[in-house]
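So the protein lines, in turn, are chains V and X.
Just so you know, we're using our numbering here: the first sequence kicks off at 1 and counts up by one.
Just so you know, we're using our numbering here: the second sequence kicks off at 385 and counts up by one.
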Amino acid sequence: MKYVNLMVKSARRSKRRTALTVLSVAIAVFLFAALRAVLDGFDAVAAASSSQRIITIRSTSMIFNMPASHTDAIRGTAGVQDLTWANWFGGIYKDPKNFFANIAVDPESFLRMYPEVVLSPDERRAFLEDRTGCIVGDGLAKRFGWKVGDRIVLQPGIPYYGTQDYPFTIRGVYRSTSSAVDNQSMYFHWKYVDERSVQKGQIGWFVIRVADPDRAVQVAEEIDRRFANSPYETKTDTEKAFTAQFANMLGNLNVLLGTVALAVVITTLFVAGNTMAMSVRERTTEIAVMRTLGFPSATIFGLVVGEGLMMAIVGGAIGAGLARLTINGEFLGLSGGFIPAFGVGNRNVAVGLALSALIGVLAALIPATMASRLKIVDALRRVA
Amino acid sequence: MALIELRDVSKSYRRDAIEIPVLDRVTITVPDGDFLGLMGPSGSGKSTLLNLLAGIDRPTRGSVRVAGTEISSLSERPLAAWRARHIGFIFQLYNLIPVLTAFENVELPLLLTSLSKQQRRDHVTTALGIVDLSDRAKHYPRQLSGGQEQRVAIARAIVTDPTLLLADEPTGDLDAKSAGEVLTLLQRLNREYKKTIVMVTHDPHAAERATHLLHLEKGTLVEQVATASATA
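Next comes the structure, spelled out in structure tokens:
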């Protein structure tokens, strides 16, 4: 503890340089925490996915629809216990910037399929009975200040839903009890949008509950076999695989984001290391004087590493704190639908701080070694 | 009793393939409580001799025994501990840490001890009192005159109550008045506090304050004399 003042004063020697070093570490940790938060969001959804649910989409891509006639064929497949279907509506609320997932569903089977979507009995009844009714996640309701009974209007975002506005009445605000369902989405009656659609009877994806989770793969294969060689071939996967597949549509996120994070961290390491080396070079005489006074090499080494560690941890705390405050799907309006709810959790804050400590120690290693191996007489003579 | 015993000490530096001798078979004995002045032209080996006594450089051959310890054979870590305990070093250019106050500069060597914060404070206050700079404790080096900076450096050198004070041209960068004050202070430390001092100087006036003088030339001891101060 008695050396802390010495380290603080040394770090404050060049305030601008120290501030820039702290800032560079803060940015690195901020980016790292933000990127990890997105990846963790997808991981959480995958982890929370039901092993009983499988999802059927068009084999070409999930952006293409399937005819509603698939419903009966799927329902008739051995091992299928229940099913529901949905369409991506892509509606715009006032401004495209207000993005959130709005999905047309078959209300009864949807609520049966997703017990994670929790509504009060009154809200549930009101939603089922009102053809223009909708339910919204509590996160989404909070974002726009909506409450039950409010009327909202969506402009259709996909051409075959026409050009006229779709008015809805909020009949319920649901909360989600699992990461598999986010709280940033809006669900409404499939029939309501289908009857105004130019292409009637089209379904985006099916969600199927299998009777035996151990046979999920066989059931999925059987469903796809039924539509093989038809104009509407399907691709059926477990919910977990479906989530991972969606994430993969954005590229190999783990590798992509991981590489970006690593590049940022390594760059910061070099920046901080160079700064520390400059700082030590400027203090050659002082270090020689301290050695003359009896400071052992190990203490000099510790002081330089401690200084680097201190700066890096301050930067890490700033970066992790900022990420914690700002990197939040709800706050940024980015989550909903297939984009999972994400945020910087305690674990990511801790990892960010540990990473900053690692940057501090690694960046200081070479300058600290230089300082501790300094030949006193040479260093004093260099200045004198 | 001899505090310093140098026997047959030689020191040479190697520059590329050439060996440059700096000290050649120097043998010196300095009794406890002495104030020794080391004189000689530039390159005569004065500072090298001082560095050997401080344990910040090692002889090429010979024995350097200070305060009963053969320091030429100590390894790095015990040598650092030995310096912290026995040596107070005063530099020509003061070499205070610019980001630390006078108080913190003087406290620096005490960080290596097991003294409590309060004990360290007491020691620093005493040392600054001896050099008559108690009122400048919170000043940074840039806020002090050259003479005051050197007095802070002296306080730093004496704060651990070392066995031996080594001063490398302590007045070399000072005006005559400040130099006089610093020399008076060193003389006081020698006489009142019985500190053994070895001082390298070019200045004959400074040398007069020492009790004994050694003249070095080309790395060899050429003369050893007692000064007027020895009998004062």
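From the three backbone atoms N, C-alpha and C, an ideal C-beta is built for every residue, glycine too.
Specify the secondary structure class of residue i as computed by DSSP and reduced to three states.
i      : result
X/L499 : coil
V/Y192 : helix
V/F30  : helix
V/N229 : coil
X/Q571 : helix
V/W146 : coil
V/H70  : helix
V/T284 : helix
V/Y160 : helix
X/Q534 : helix
V/A384 : Low confidence applies here, because V/A384 scores a pLDDT of 44, under 50, leaving its location unreliable and the question unanswered by this model.
X/D408 : strand
X/V543 : coil
V/S279 : helix
X/D675 : In the structure displayed, chain X extends from 385 to 616; residue 675 of chain X sits before or after that span and is not available.
V/V271 : helix
V/N254 : helix
X/N479 : coil
V/A86  : strand
V/G172 : strand
V/S24  : helix
At a Cβ threshold of 8 Å, is residue i touching chain X?
i      : result
V/P296 : yes
V/V377 : yes
V/K240 : no
V/A384 : Confidence at V/A384 is low in this model, with a pLDDT of 44, below 50, so the placement of that residue should be treated as unreliable; the coordinate-derived value is given next. So, interface residue.
V/K142 : no
V/R12  : yes
V/K15  : no
V/L374 : no
V/V280 : no
V/T21  : no
Of all the CB atoms in chain V, is at least one closer than 8 Å to the CB of residue i?
i      : result
X/R461 : yes
X/P493 : yes
X/I581 : no
X/F419 : no
X/V483 : yes
X/N574 : no
X/L548 : no
X/F473 : yes
X/A511 : no
X/A386 : no
Hey, would you say residue i sits closer than 8 Å to residue j, going by beta carbons?
i      : j      : result
V/T169 : V/D138 : no
X/A380 : X/L570 : Given that chain X is displayed from residue 385 to residue 616, the structure contains no residue 380 of chain X and the question cannot be resolved.
X/H470 : X/P546 : yes
V/V349 : V/R324 : yes
V/E116 : V/A180 : yes
V/G204 : V/N102 : no
X/G429 : X/L407 : yes
V/I54  : V/T234 : no
X/T336 : X/D418 : Outside the shown range of chain X (385 to 616) lies residue 336 of chain X, about which nothing can therefore be said.
V/I135 : V/Y192 : no
V/R110 : V/L355 : Looking at the sequence itself, residue 110 of chain V is Phe, so the reference to Arg does not match. No, the Cβ-Cβ distance between V/F110 and V/L355 is not below 8 Å.
V/V265 : V/A28  : yes
X/I412 : X/G472 : no
X/E607 : X/T585 : no
X/L484 : V/K9   : yes
Give every residue of the same chain whose Cβ lies closer than 8 Å to the Cβ of residue i, excluding the five residues on either side of it in the sequence, and list them in chain order.
i      : result
V/A384 : Any answer about V/A384 is weak, because its pLDDT of 44 lies below 50 and its placement is not dependable; what the coordinates show is given next. Correct list: empty, nothing qualifies.
X/M385 : P415, D416
Residues in its own chain within less than 7 Å of residue i by CB, not counting five upstream and five downstream?
i      : result
V/E108 : L128
V/M7   : L303, G306, E307, M310
V/Q81  : R209, V210, A211
X/S396 : E403, I404, P405, V406, T444
Applying the criterion that 16 or more other CB atoms from any shown protein chain within 10 Å of the CB defines a buried residue, is residue i buried or exposed?
i      : result
V/P121 : exposed
X/L422 : buried
V/Y166 : buried
V/Q218 : exposed
V/F270 : exposed
X/M583 : buried
V/G294 : buried
X/Q503 : exposed
Closer than 7 Å to a non-hydrogen atom of the ligand MG - does that hold for the CB of residue i?
i      : result
X/D400 : Of ligands this structure carries none, so the ligand MG is not represented either.
Please work out which residues of its chain come closer than 6 Å, Cβ to Cβ, to residue i, disregarding the five sequence neighbours upstream and downstream, and give them in chain order.
i      : result
V/V22  : M311, V314, G315
X/G513 : none
V/G133 : F127, T169, R171
The segment 440-469 of chain X: positions lying closer than 7 Å to chain A by Cβ: Any reference to chain A falls outside this structure, whose protein chains are V and X.
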